[in-house]
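Peer 1: Positions 143 to 433 (our numbering) are the ones given, in order, by the sequence shown. For each residue, glycine too, the CB sits at the ideal point set by N, CA and C. It should be emphasised that the depicted structure is a prediction, and the values quoted were computed from it without experimental measurement. Next up is a structure, given as structure tokens.
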Amino acid sequence: MLFCYQSSGFAKLFINFAPMLTLDILICTIGQRIRRVPQMLLAPRNDVKYIVSWQTDMTTPDDFMWMASAFSTRPDVQVFTMDGAGLSRNRNNALLHSTSSICLIADDDCHYTDECIDHILSAYQSNTIDDIICFMAADSDGHPIKRYPVSSMAYSAAMQTGYYPSSVELTFRRDRIGDLKFNERFGLGSGCFISGEESIFLHDASERHLNILFKNQTVVQTDAATTGTRCPTDPDVLTAKGAVFAYCYPLHQAIWMCLKEAVHHARFSHANPFTVFHNMMYGVKRSHTNI
């Protein structure tokens, strides 16, 4: 960006050397679900790349041939394959290959607009303090997928309102997070806890004194039926939530939070509080042997 001002009869030219921010959209997919990825792509932009981490279990040679053809005209799309299971492993593989200024976590059912991308880049361009920004997600009808704080605030303050993160809301400065990764004992396919990887990631970031912001701005359209929304009725999700509490807090505080959660679900979700508490405490117990 160029600008000039008049001083003592001379026009002096200054150049703003602030580098242009770029964005890597880190897409995780598995098997034939890679065929969803082309529907996610925007028209090529100089400031956006797509890093696709593809777990190739249960794929066929036809899938590889399709992939090579589908992205042959899109140099902004890079596909990296991996074996084995685990969503957090998949996210870490995508993260390993990211090179842009900003990263955006994505699933293969996410949809974006150019305006959404501009919002993300603008948020970081105008704010050099925050290392991680959690945005908002909407369903196919444009409604928020869950309750969000009514205004932007520090992530620690947002948690006090009952906010919990979803992976597709996460963005961060690549150089600021360093070697921070998703804990592979949490997340779908992990074999330990089927959810909670986002909360663990942000907790670990906080432990490194990274600045985390919740921003009241929708940037992605996705499936509203995320794992976390099943919490009141799914024993596995409740177990994972108990494990998250045990990971992030001292034991006595984790037990207290499980109790509060059970009362909350009994009141607002009509769930059996004893069952909720039992499942969450099972996660607390397992956390000490699985983390």
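Would you say A366 faces chain B, with C-beta separation under 7 Å as the test?
Peer 2: Protein chain content of the structure displayed is limited to a single chain, and chain B is not contained in it.
Peer 1: Can you tell me whether G284 is buried or exposed? The criterion is at least 16 other CB atoms within 10 Å of its CB, across all chains shown.
Peer 2: One-based indexing of the sequence shown puts residue 284 at position 142. Label assigned to G284: exposed.
Peer 1: Check whether the segment 209-225 and the segment 243-259 are in contact - that is, three or more C-beta pairs closer than 8 Å.
Peer 2: In short, these stretches do not touch, since the Cβ pair count stays below three.
Peer 1: Could you check what DSSP says for R327 in three-state terms: helix, strand or coil?
Peer 2: Translated into the one-based positions of the sequence shown, residue 327 becomes position 185. In this structure, R327 counts as coil in the three-state DSSP scheme.
Peer 1: Less than 7 Å separating the beta-carbons of V426 and L380?
Peer 2: Sequence index remark: in the sequence shown, residue 426 carries index 284 (1-based). Sequence index remark: in the sequence shown, residue 380 carries index 238 (1-based). No. Outside cutoff.
Peer 1: Could you tell me the boundaries of the beta strand (DSSP E) in which T313 lies?
Peer 2: By 1-based counting over the sequence shown, the position of residue 313 is 171. Where T313 is concerned, the enclosing beta strand (DSSP E) stretches over L312 to R315.
Peer 1: Is the separation between the beta-carbon of L168 and that of I247 shorter than 7 Å?
Peer 2: As a first step, residue 168 must be located in the sequence shown, where it is residue number 26. As a first step, residue 247 must be located in the sequence shown, where it is residue number 105. Cβ distance < 7 Å, so L168 and I247 count as in contact.
Peer 1: Could you tell me the alpha carbon to alpha carbon distance between A347 and G333, rounded to whole angstroms?
Peer 2: Here the question's residue 347 lines up with position 205 in the sequence shown. Here the question's residue 333 lines up with position 191 in the sequence shown. If I take the Cα positions, the gap works out to 23 Å.
Peer 1: Using 8 Å as the threshold, is the segment 275-283 in touch with the segment 342-361, meaning 3 or more CB pairs across them?
Peer 2: Yes: at least three Cβ pairs fall under 8 Å.
Peer 1: Between the alpha carbons of H420 and E403, how many angstroms are there, rounded?
Peer 2: As a position in the sequence shown, residue 420 is number 278, starting the count at 1. As a position in the sequence shown, residue 403 is number 261, starting the count at 1. Using only the alpha carbons, I get a separation of about 11 Å.
Peer 1: Thinking C-alpha only, which one of K323, Y297, V386 and V362 is nearest L229?
Peer 2: Within the sequence shown, residue 229 is the residue found at index 87, counting from 1. The shortest Cα separation from L229 among K323, Y297, V386 and V362 belongs to K323.
Peer 1: If you compare alpha carbons, which of T375, P392, I397 and S429 is closest to N414?
Peer 2: Translated into the one-based positions of the sequence shown, residue 414 becomes position 272. The shortest Cα separation from N414 among T375, P392, I397 and S429 belongs to T375.
Peer 1: In whole angstroms, give me the CA-to-CA distance for S298 and M207.
Peer 2: One-based indexing of the sequence shown puts residue 298 at position 156. One-based indexing of the sequence shown puts residue 207 at position 65. Approximately 46 Å, taken between the alpha carbons.
Peer 1: Going by DSSP, what residue range makes up the beta strand (DSSP E) through Q363?
Peer 2: Counting from 1 along the sequence shown, the entry for residue 363 is found at position 221. Q363 -> beta strand (DSSP E) spans I354 to Q363.
Peer 1: Where do the ends of the beta strand (DSSP E) carrying S282 lie?
Peer 2: Residue 282 sits at position 140 when you count from the first residue of the sequence shown. Unbroken run through S282: none, as it is neither H nor E.
Peer 1: Could you give the DSSP three-state label for N158: helix, strand or coil?
Peer 2: Position 16 of the sequence shown, counting from 1, holds the residue named residue 158. At N158, the pLDDT of 49 sits below 50, so the modelled position is not reliable and the matter cannot be decided from this model.
Peer 1: Can you give me the Cβ contacts of E326 inside the same chain, cut-off strictly under 8 Å, excluding the 5 residues immediately before and after it?
Peer 2: Taking the first residue of the sequence shown as 1, we reach residue 326 at position 184. Closer than 8 Å at Cβ, skipping near neighbours: G228, S230, R231, N234 and S332.
Peer 1: With a threshold of 6 Å on Cβ separation, who are the neighbours of Q197 within its own chain once the five nearest residues in sequence on each side are excluded?
Peer 2: Counting from one through the sequence shown, the residue named residue 197 turns up at place 55. Excluding positions up to five away in sequence, the list reads I172, M224 and N232.
Peer 1: Are the CB atoms of I193 and S240 within a distance shorter than 7 Å?
Peer 2: In the sequence shown, residue 240 corresponds to position 98, counting from 1. In the sequence shown, residue 193 corresponds to position 51, counting from 1. Their beta carbons are under 7 Å apart, which means S240 touches I193 by this criterion.
Peer 1: Here's the rule I'm using: 16 or more other beta-carbon atoms within 10 Å means buried, otherwise exposed. How should S150 be labelled?
Peer 2: Taking the first residue of the sequence shown as 1, we reach residue 150 at position 8. In this prediction, S150 scores a pLDDT of 41, lower than 50, which makes its location untrustworthy; the coordinate-derived value is nonetheless stated afterwards. The residue is exposed, with fewer than 16 neighbouring Cβ atoms inside 10 Å.
Peer 1: Can you grab the Cα-Cα spacing for the pair D205 / Q174, in whole Å?
Peer 2: Numbered from its first residue, the sequence shown carries residue 205 at position 63. Numbered from its first residue, the sequence shown carries residue 174 at position 32. Going from the Cα of D205 to the Cα of Q174 covers about 7 Å.
Peer 1: Please classify V292: is it buried, with 16 or more other beta-carbons within 10 angstroms of its beta-carbon, or exposed?
Peer 2: The residue given as residue 292 occupies position 150 in the sequence shown. Per the 10 Å Cβ criterion, exposed.
Peer 1: Can you say whether F416 is buried or exposed, counting buried as having 16 or more other CB atoms within 10 angstroms of its CB?
Peer 2: Counted from its first residue, the sequence shown places residue 416 at position 274. Label assigned to F416: exposed.
Peer 1: Quick check: the Cα distance between P180 and A212, rounded to an integer number of angstroms?
Peer 2: The count along the sequence shown starts at 1 and reaches residue 180 at position 38. The count along the sequence shown starts at 1 and reaches residue 212 at position 70. Rounded to whole angstroms, P180 to A212 spans 7 Å at the Cα level.
Peer 1: Could you check where the alpha helix (DSSP H) with L263 kicks off and where it finishes?
Peer 2: By one-based count along the sequence shown, residue 263 stands at place 121. L263 -> alpha helix (DSSP H) spans D256 to Q267.
Peer 1: With which residues is F222 paired in a DSSP beta bridge?
Peer 2: The residue labelled residue 222 in the question sits at position 80 within the sequence shown. For F222, which the question treats as bridged, DSSP gives the partners S195.
Peer 1: What does DSSP give as the partner residues of D166 in its beta bridges?
Peer 2: Locating residue 166 in the sequence shown gives position 24, counting from the first residue. Its beta-bridge partners are K191 and C245.
Peer 1: Pick out whichever of S242, R178, L237 and D199 has its Cα sitting closest to the Cα of P161.
Peer 2: The residue labelled residue 161 in the question sits at position 19 within the sequence shown. If we check each option's Cα against that of P161, S242 comes out closest.
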